[in-house]
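Asker: I'd like to ask you about the structure that follows.
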Amino acid sequence: MRGLGERVRAWRPQPPPLPADVAHLVGPDDPEWFARELAIAASPPWWFWRFALRRLSWLPSVFGRVQVTGSIREEWLQGPLLLAVNHIGDFDTFVVAVALHKAGVTPRFMATGGIMRSPVAGPLLERSGGIRVDRGTDVAAHALTVTRVALAHGGHVVAYPEGRVGLSPDGWPERGRTGLARMALAADVPVIPVSQWGAHEVLQYANDWGKLRTLLRAFWRQPALKVHIGPPVFFEDLQPGRVGDANRARARIAAAITRGLAPLRAGEPADRPAYVDPTRPTTATAAFPGGVVPDDIP
2 MRGLGERVRA WRPQPPPLPA DVAHLVGPDD PEWFARELAI AASPPWWFWR
52 FALRRLSWLP SVFGRVQVTG SIREEWLQGP LLLAVNHIGD FDTFVVAVAL
102 HKAGVTPRFM ATGGIMRSPV AGPLLERSGG IRVDRGTDVA AHALTVTRVA
152 LAHGGHVVAY PEGRVGLSPD GWPERGRTGL ARMALAADVP VIPVSQWGAH
202 EVLQYANDWG KLRTLLRAFW RQPALKVHIG PPVFFEDLQP GRVGDANRAR
252 ARIAAAITRG LAPLRAGEPA DRPAYVDPTR PTTATAAFPG GVVPDDIP
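Residue numbers for the sequence shown follow our numbering, so the first one is 2 and each next one is one higher.
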């Protein structure tokens with residue numbers, strides 16, 4: 002049994018070969034996963050990932066009613082995209098994947114290094130185009146390099162600007178980090194805001210047996226799992242590297258997600274979610290408390 006467990010932990014799908022046009026990006030001191038992620042980023046989406054999106058997209062609907070509004074123009078689907086999503090819980094990635102697939106997107110998710118290092122799920126996510134983000138480490142910049150390669154090869158990259166599950170007391174998106182904004186300015190690609198609500202009711206924040214309890218409750222209650230794909234955020238007046246422009250871009254992304262979220266929360270109090278997860282800390286501040294975006298933000 003121990004041998005079987007070791008084989009399971011070590012298993013990973015075979016990656017595609019590293020193309021010659023990106024091989025020069027790998028140095029002798031880079032971690033072993035970096036070359037794999039570059040090869041995957043430069044290749045078409047994995048057949049199994051496309052199959053899963055096509056054949057298993059009904060699974061999130063077991064725990065709620067998936068509702069998708071908005072769309073992406075057909076011509077943009079043929080090229081690179083950055084999709085910025087608010088993060089509300091552990092279940093929302095599944096809902097977002099289904100919603101984006103319905104819109105014609107084959108998503109490549111940016112994910113924390115901890116998830117990417119987990120057995121089975123981590124290798125599957127990596128081979129499906131997942132981009133490892135190890136914040137605060139000496140290899141954190143590798144995520145930007147992999148993202149640039151994915152975009153250069155027409156990839157659809159999904160990022161959570163907040164960098165974690167949002168912890169604002171009112172549930173509105175946090176200000177987020179400037180990483181996505183800097184990528185958007187440097188890559189000059191459309192940034193599509195994706196707002197979502199309801200998935201936080203399926204899995205609680207805390208990692209204990211309560212997750213199973215909320216999952217079963219969602220199966221019974223069938224909460225609305227709402228996703229809205231908004232119009233792109235453009236930055237024609239901003240420049241990469243110019244002082245203050247990354248912060249301006251970050252504010253515009255947060256504003257676009259907040260505006261898209263407001264109709265999804267119609268009928269709820271603006272200062273708190275209708276469904277409150279008691280295990281989720283409330284230690285942060287929303288970019289736009291109460292969902293109120295000033296008119297002077299484009």
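Just so you know, even glycine gets a beta-carbon here, dropped at the ideal spot from N, CA and C.
Does DSSP classify Trp198 as helix, strand or coil?
Answerer: As a working note, residue 198 is residue 197 in the sequence shown. In the structure shown, Trp198 sits in a strand (DSSP, three-state: E or B).
Asker: My parser needs the beta strand (DSSP E) runs of 3 or more residues fully inside the stretch 194–243; what are they?
Answerer: 225–230
Asker: Three-state secondary structure (DSSP) at Ile89?
Answerer: Your numbering for residue 89 matches position 88 in the sequence shown. In the structure shown, Ile89 sits in coil (DSSP, three-state: anything other than H, G, I, E or B).
Asker: With a Cβ-Cβ cutoff of 9 angstroms, do Ile258 and Pro174 count as a contact?
Answerer: Along the sequence shown, read from residue 1 onward, the residue named residue 258 stands at position 257. Along the sequence shown, read from residue 1 onward, the residue named residue 174 stands at position 173. Yes.
Asker: Evaluate contact between the stretch 284–297 and the stretch 115–128, counting only Cβ atoms and requiring at least three cross-stretch pairs below 8 angstroms.
Answerer: no
Asker: When burial is assigned at 16 or more other CB atoms within 10 Å of the CB, is Trp59 buried or exposed?
Answerer: Numbered from its first residue, the sequence shown carries residue 59 at position 58. The residue in question, Trp59, is exposed, as its Cβ has fewer than 16 Cβ neighbours within 10 Å.
Asker: Tell me whether Thr138 is buried or exposed, calling it buried when 16 or more other Cβ atoms sit within 10 Å of its Cβ.
Answerer: Within the sequence shown, the letter at position 137 stands for residue 138. Per the 10 Å Cβ criterion, exposed.
Asker: Put Pro290 into one of helix, strand or coil per three-state DSSP.
Answerer: Start at 1 with the first residue of the sequence shown, and residue 290 comes out as number 289. Looking at Pro290 - three-state DSSP - the assignment turns out to be helix.
Asker: Shortest alpha-carbon distance to Arg128 belongs to which of Ala40, Ile230, Gly177 and Asn87?
Answerer: As a first step, residue 128 is located in the sequence shown; it is residue number 127 there, counting from the start. Of Ala40, Ile230, Gly177 and Asn87, the residue nearest in Cα terms is Ala40.
Asker: Would DSSP call Ala100 helix, strand or coil?
Answerer: Taking the sequence shown and counting its residues from 1, the one referred to as residue 100 is at position 99. Assignment of Ala100 by DSSP, reduced to helix, strand and coil, places it in the helix class.
Asker: Grab the span of the alpha helix (DSSP H) containing Phe52 for me, first residue to last.
Answerer: Position 51 of the sequence shown holds residue 52. Run containing Phe52: Trp48 to Arg56, per the alpha helix (DSSP H) assignment.
Asker: Can you tell me whether Gly130 is buried or exposed? The criterion is at least 16 other CB atoms within 10 Å of its CB, across all chains shown.
Answerer: Taking the sequence shown and counting its residues from 1, the one referred to as residue 130 is at position 129. So Gly130 counts as buried.
Asker: If you draw a straight line from the C-alpha of Trp77 to the C-alpha of Thr215, how long is it?
Answerer: As a position in the sequence shown, residue 77 is number 76, starting the count at 1. As a position in the sequence shown, residue 215 is number 214, starting the count at 1. Each residue's alpha carbon lies about 37 angstroms from the other.
Asker: Could you give the C-beta distance for Ala200 and Val96, rounded to a whole number, given that I count them as a contact under 8 angstroms?
Answerer: The count along the sequence shown starts at 1 and reaches residue 200 at position 199. The count along the sequence shown starts at 1 and reaches residue 96 at position 95. At roughly 5 angstroms, the Cβ-Cβ gap stays under 8 angstroms, so Ala200 and Val96 are in contact.
Asker: Using C-beta distances below 7 angstroms, list every residue in its chain close to Pro120, excluding the 5 sequence neighbours before and after it, in chain order.
Answerer: Position 119 of the sequence shown, counted from the start, is the residue given in the question as residue 120. These residues qualify, in order along the chain: Val9 and Arg10.
Asker: Please work out which residues of its chain come closer than 7 angstroms, Cβ to Cβ, to Gly65, disregarding the five sequence neighbours upstream and downstream, and give them in chain order.
Answerer: To locate residue 65, count along the sequence shown from 1; it is residue 64. Correct list, in chain order: Gly199, Val203, Ala219, Gln223, Pro224, Ala225 and Leu226.
Asker: Output the boundary residues of the beta strand (DSSP E) element that contains Phe35.
Answerer: In the sequence shown, the residue the question calls residue 35 occupies position 34. Not the beta strand (DSSP E): Phe35 falls in the alpha helix (DSSP H), residues Glu33 to Ala42.
Asker: Among the residues of its own chain, which have a CB less than 7 angstroms from the CB of Pro46, if the five just before and after it don't count?
Answerer: Locating residue 46 in the sequence shown gives position 45, where the first residue counts as 1. Within the same chain, Pro46 has close Cβ partners Thr107 and Gly130.
Asker: Let me know the alpha helix (DSSP H) ranges lying completely inside the stretch 160–197, each 4 residues or longer, listed in chain order.
Answerer: 180–188
Asker: Roughly how many whole angstroms lie between the Cα atoms of Gly156 and Gly80?
Answerer: The residue labelled residue 156 in the question sits at position 155 within the sequence shown. The residue labelled residue 80 in the question sits at position 79 within the sequence shown. Each residue's alpha carbon lies about 7 angstroms from the other.
Asker: If you run the structure through DSSP and keep just helix, strand and coil, what is Ala256?
Answerer: Position 255 of the sequence shown, counting from 1, holds the residue named residue 256. It is helical.
Asker: Under a Cβ-count criterion, where at least 16 other Cβ atoms within 10 Å of its own Cβ denotes burial, should Glu237 be classed as buried or exposed?
Answerer: Position 236 of the sequence shown holds residue 237. Looking at its Cβ environment, which holds fewer than 16 other Cβ atoms inside 10 Å, Glu237 is exposed.
Asker: My output table needs one value for Val158: the three-state DSSP class, helix, strand or coil.
Answerer: Along the sequence shown, one-based indexing puts residue 158 at 157. The answer is strand: DSSP assigns Val158 an E or B state.
Asker: For the candidate residues Met111, Asp30 and Pro274, whose alpha-carbon lies nearest to that of Glu359?
Answerer: This structure leaves residue 359 out entirely; the chain is present only between 2 and 299.
Asker: For Leu19, collect the residues of the same chain with a Cβ closer than 6 angstroms to its Cβ; drop the 5 residues on either side in sequence, then sort them by chain order.
Answerer: On the sequence shown, position 18 is the one that residue 19 refers to. Hits under 6 angstroms: Ala36 and Ala40.
Asker: Could you check where the alpha helix (DSSP H) with Val147 kicks off and where it finishes?
Answerer: Along the sequence shown, one-based indexing puts residue 147 at 146. Start and end: His143 to Ala153.
Asker: If Ile73 sits next to Ile230, beta carbons under 8 angstroms apart, how far is it from one beta carbon to the other, in whole angstroms?
Answerer: Residue numbering aside, residue 73 sits at position 72 when the sequence shown is read from its first letter. Residue numbering aside, residue 230 sits at position 229 when the sequence shown is read from its first letter. Taking the Cβ atoms as the reference, Ile73 lies roughly 6 angstroms from Ile230, within the contact range of under 8 angstroms.
Asker: Can you tell me which of the three DSSP states Phe95 falls into?
Answerer: By 1-based counting over the sequence shown, the position of residue 95 is 94. For Phe95, the secondary structure class from DSSP, reduced to helix, strand or coil, is helix.
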